[in-house]
Each structure stands twice: as C-alpha cells, then as structure tokens.
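Peer 1:
Protein chains: 2
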Amino acid sequence: MRISELVQRSGVPLATVKYYIREGLLMPGETTSATQARYSEAHVRRLNLIRALTDVAGLPLQKAGIVIGLIDHPQPNLFDTLGKAVAALPPYADAGEADAPDYPRAKAALEKLGQVYDPQYAAVAQLERALAAAASVGMAISDERLLGYGEQIMRITEFDIDAVPTDTVHDAIEHSVLGTALYEPIILAMRRLAHQDLAARRFGGG
Amino acid sequence: MRISELVQRSGVPLATVKYYIREGLLMPGETTSATQARYSEAHVRRLNLIRALTDVAGLPLQKAGIVIGLIDHPQPNLFDTLGKAVAALPPYADAGEADAPDYPRAKAALEKLGQVYDPQYAAVAQLERALAAAASVGMAISDERLLGYGEQIMRITEFDIDAVPTDTVHDAIEHSVLGTALYEPIILAMRRLAHQDLAARRFGGG
C-alpha cells in the first residue's frame, strides 16, 4: 500500500509515520520509485504496536523503542530479554536510586513470598519504591495482604506463562514482552472495575 | 517546624514546597510573624502523599491535585468519590474518546465476568482501550484467561475492601482512594517479579 493508505489504515498522521521511520521505530517501506515506497501489513501492525506501548501502556517513545528493539533483536535467552524489557516499563526509578545498594522492603517482601531476591531485577527497585510510597502515607502493606496478593498474582502469572507460544524464540519473546506491557493496563482496569462492583454491593450507590 | 526543616524532612526542594502551597496542593503553615510560618507533621505527610502520587503512581500534578481535593473534600458518598478518583488515575483516555457511545470489548468482558457494565465508569473506557490495544497487535485476551484473571482479581479486591477502615467516612475515602492509586504499582511490580520467578524456573537463566 502507499503511505497515504498506511496513514488512513493506522490513524497515525503522516508526519508521525515519517518521524518513526527516521527514529528507527518503523521499518522503511520498499522503494518503488525515486519518490514512492510501498508499505505492508507489517507496517500497520508495527504502528499499532507503537501506539499500544505509548498510548495504552504509557511508555515514552524512547522506552517504546527499547522494547521494540528487544523484539527485533532479542538477547540470546528469553530470561535476559524479559529482564531488559521490564526495565523499560514504567514506573521509572530516579537516577539517584540507581546505585542504591539494597532494597530492604522488597527483600523482606520477597522472602515472605518465598521468591528469589536479586537486586539486579528492575522490578525489585520498582517494588521497593511502591512499598515505600505506601508506607510513607501510613498505608504500609500488611503481611496478610502481601501473602494474599502474592498467591493470586502467582496464579495470574501462571496463566501468562502458559499462554507464551513455544514455536520459535522470536514468538516467545514478542509475546512475553508485549504480554507484560499490554496486559498490565487490562489487569489495572479490571481491578478498578472489581472495586466498583464490590463497593456498589457493600456501600450502596451505583 | 520551620520551612527549612520541612524541606529537610521531606526531601522536597524549597521552591517546590512554595509552588505546592500556591497551587493549593499543600496547606499553608501557621503564620508566626510577618516572614515566618510554622509547619507540622501534617505537612510532611502531605508532601509524602504528593510525591507518592506523582513519582510512584505516575499522576501529573494536576491529576494529583484532583485526588487530594477528593480526600480533603469528599463527595457525599464513598462510591461517587472513588469513581471520580479512578477517573484521575492513568491511563488517560484521549479527548476524542470522551463521547464514545459504547465500549463493546469492555461490555462483552464484563458480561462474561458477571459484573455491571456502566459506560460512565472511567475504568470501563480504560478497559476498552487496553483490550483493543492487545487485540491490535494480535494478542486479544482469550475467554479462559479473562475468566482466570477475573477470579484472582476479585480475590485481590476482597482484600482491598476488607482493609478499608470504617471508623469515619474521611478515613474510608482516604484509604480507598490511596489504596487504588498506591497499591497498583505494588501489584504490577509483584507480577513482574512473579514472571521472573516462574520464567527462571521454566526457561532457565537467572
């Protein structure tokens, strides 16, 4: 298809499409003349992906580029690739925290949950900040709630891992990286709606 | 305490503290002379709250102001107040979607889950966008996964609702609003760590 049709199909403005190509987020079209190029379904899908990562998952464009780079050029193993992709997802730790030697709240929580504590994981710093923020306003998580959350979250994660296709490494990586980024907004929206559902039944209203 | 101590205790720079007071996010200190004011623990706590909402939950300052306004001046009932607070949390729907008449994906999902569908809920639009984004990159959620998620999320939500203090309406609202905003980053970080834990066991690495 021509670039005008790509713009129409994707809903992404022409200037933005050209910008994504210049920045390496979108692959160039196949040149058909000095002034024209041909685009394919792969371009539509890539534009959907950029939009999903930036608009819905809330990544800044530069971080979306990192995630797309990991899908296009995965690390040798799934585990390393996923770790790097998670580090590109919000919320972002402040630069000042990068050399923090230890994450005491996250460490204690993971010990209670029986999970490995590895301060290299980006999500450990994210958990530390989230636990500290809740505690700083007098809402520290109780052990009972932590363990209750942990049990349900591990079940959710089992669904996620079972859904990962194992045909090719590329498919597995693409699915895992996108599943982490794109299913988070689904889970948050579902929790908010579950809150409203339960609150309506218990406290009236609605 | 004097403002210099408030700056030191909270870690928030002086210019930022003054800005928050001007914008109405932080209550002014008690005036003790023409040039001095006295601040209390309530000011430290409020600064922690602003930081938790903006840095950790990722709200822009203007949206954090809406949430704080709802805590300071709640609506007559908890249900309405929570609904307004949820609308102030990311991800934000585009302006163009505000008048969307219907949310077909969210509606179908909520029917399957046996939950009320009310297009007025901000989280319905959020769910619609999240489901559409996953589908747009070929990762539409399966019914099995939706129902599996739904069951675990409803259990998480029961922990949340049981934790709401019922002493005063103010406490209940503050806890509910902050619990929605501040426990989301905890849940996401826990899911990412659960992924790494399971992936390490199934796919090696780490």
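As given, the protein sequences belong to chains E and B, one line each in that order. Per the working numbering, the first sequence starts with residue 61, numbered consecutively. Per the working numbering, the second sequence starts with residue 61, numbered consecutively. Heads up, the beta-carbon is just placed ideally off N, CA and C, and yes, glycines get one too.
1) Can you give me the C-alpha to C-alpha distance between Ala145/E and Arg262/B, rounded to a whole angstrom?
2) Mind checking if Ser196/E is an interface residue toward chain B, Cβ cutoff 8 Å exclusive?
3) Mapping the DSSP letters down to three states, classify Glu336/E as helix, strand or coil.
4) Should Val229/E be labelled buried (16 or more other beta-carbon atoms within 10 Å of its own) or exposed?
5) Does Asp132/E have its Cβ less than 8 Å from a Cβ in chain B?
6) In the DSSP assignment, find the unbroken alpha helix (DSSP H) run with Leu107/B in it and report its ends.
7) Is the beta carbon of Gln256/B closer than 8 Å to that of Gly143/E?
8) Measuring CA to CA, which of Ala182/B, Tyr80/B, Tyr243/B and Ala192/B is closest to Gly198/E?
9) Sorry if obvious, but does the Cβ on Val67/E come closer than 7 Å to a heavy atom of the ligand PLP?
10) Taking Gly129/E as the reference, which of Ile110/E, Arg205/E and Ala168/E has the closest Cα?
11) Along chain B, which residues have their Cβ under 7 Å away from the Cβ of Pro120/E?
12) List, in order along the chain, the chain E residues whose C-beta lies closer than 7 Å to that of Ile201/B?
13) Could you tell me whether the region 201 to 209 of chain B touches the region 99 to 113 of chain B, where touching means 3 or more Cβ pairs closer than 8 Å?
14) What residues in its chain sit with their C-beta under 7 Å from that of Lys123/B, if we drop five residues either side in the sequence?
15) In this structure, how does DSSP classify Arg62/E when only helix, strand and coil are distinguished?
16) If you draw a straight line from the alpha carbon of Gly156/B to that of Ala185/B, how long is it in whole angstroms?
17) Can you give me the Cβ contacts of Tyr181/B inside the same chain, cut-off strictly under 7 Å, excluding the 5 residues immediately before and after it?
18) Going by C-alpha distance, which of Gly71/E, Tyr152/E and Ala194/E is nearest Ala183/E?
19) For the alpha helix (DSSP H) containing Asp162/E, name the first residue and the last one.
20) What residue from Ala94/B, Gly208/B, Leu66/B and Asp140/B has the CA that sits closest to Leu86/B's CA?
21) When Cβ atoms are compared, which residues of the region 220 to 241 of chain E fall closer than 8 Å to chain B?
22) Taking just the CA atoms, how far does Glu188/B sit from His235/E?
23) Starting from Gly143/E, trace the alpha helix (DSSP H) both ways and give me its first and last residue.
24) DSSP state of Ala185/B, grouped into three classes?
25) Would Pro120/E pass as a contact of Gly118/B if the rule is Cβ separation under 8 Å?
26) Would you mind sorting Thr240/E into buried or exposed? The rule is 16 or more other CB atoms within 10 Å of its CB.
27) Please name the residue, chosen from Leu248/E, Leu107/E, Thr92/E and Thr91/E, that lies closest to Leu74/E on a Cα-to-Cα basis.
28) To the nearest angstrom, report how far apart Tyr99/E and Ile81/E are at their CA atoms.
29) DSSP on Ala155/E, reduced to helix/strand/coil?
30) Which residues of the region 68 to 89 of chain B have a Cβ closer than 9 Å to any Cβ of chain E? Give them in chain order.
31) Short check: CB of Phe139/B to CB of Tyr209/E, under 8 Å?
32) Where does Ala295/E land, buried or exposed, given buried means 16+ other C-beta within 10 angstroms?
33) Chain B beta carbons: is any one of them nearer than 8 Å to that of Gly156/E?
34) Does any residue of chain B bring its CB to less than 8 Å from the CB of His5/E?
35) At a Cβ threshold of 8 Å, is Ile213/E touching chain B?
36) When the Cα atoms are used, what is the spatial distance from Val176/E to Leu170/E?
Peer 2: According to the structure shown:
1) 18 Å
2) yes
3) What is shown of chain E runs 61 to 266, which leaves residue 336/E out entirely.
4) exposed
5) no
6) Glu101 to Arg111
7) yes
8) Tyr243/B
9) This structure lacks the ligand PLP, and indeed carries no ligand of any kind.
10) Ile110/E
11) The contacting residues do not exist; Pro120/E stays about 12 Å from chain B at best.
12) Ile246
13) no
14) Ala148
15) coil
16) Unreliable positioning characterises Gly156/B in this predicted model, as indicated by a pLDDT of 47, which lies under 50. The coordinate reading is nonetheless provided below. In a straight line, the C-alpha of Gly156/B is about 12 Å away from that of Ala185/B.
17) Gly143
18) Tyr152/E
19) Per DSSP, Asp162/E belongs to no alpha helix (DSSP H) and is neither H nor E.
20) Leu66/B
21) Asp220, Ile221, Ala223, His235, Ser236, Leu238, Gly239 and Thr240
22) 20 Å
23) Leu138 to Ala147
24) helix
25) no
26) buried
27) Leu107/E
28) 12 Å
29) Residue confidence for Ala155/E is low, a pLDDT of 47 falling below 50, so the modelled location carries little weight; the figure read from the coordinates is stated next. Helix at Ala155/E.
30) none
31) no
32) This structure cannot settle anything about residue 295/E, because the visible part of chain E is limited to 61 through 266.
33) A caution first: Gly156/E carries a pLDDT of 47, below 50, which makes its placement in the model unreliable, though a value can still be read off. Output row for Gly156/E: interface = no.
34) What the structure shows of chain E is the stretch from 61 to 266, and residue 5/E is not part of that stretch, so it cannot be assessed.
35) yes
36) 7 Å
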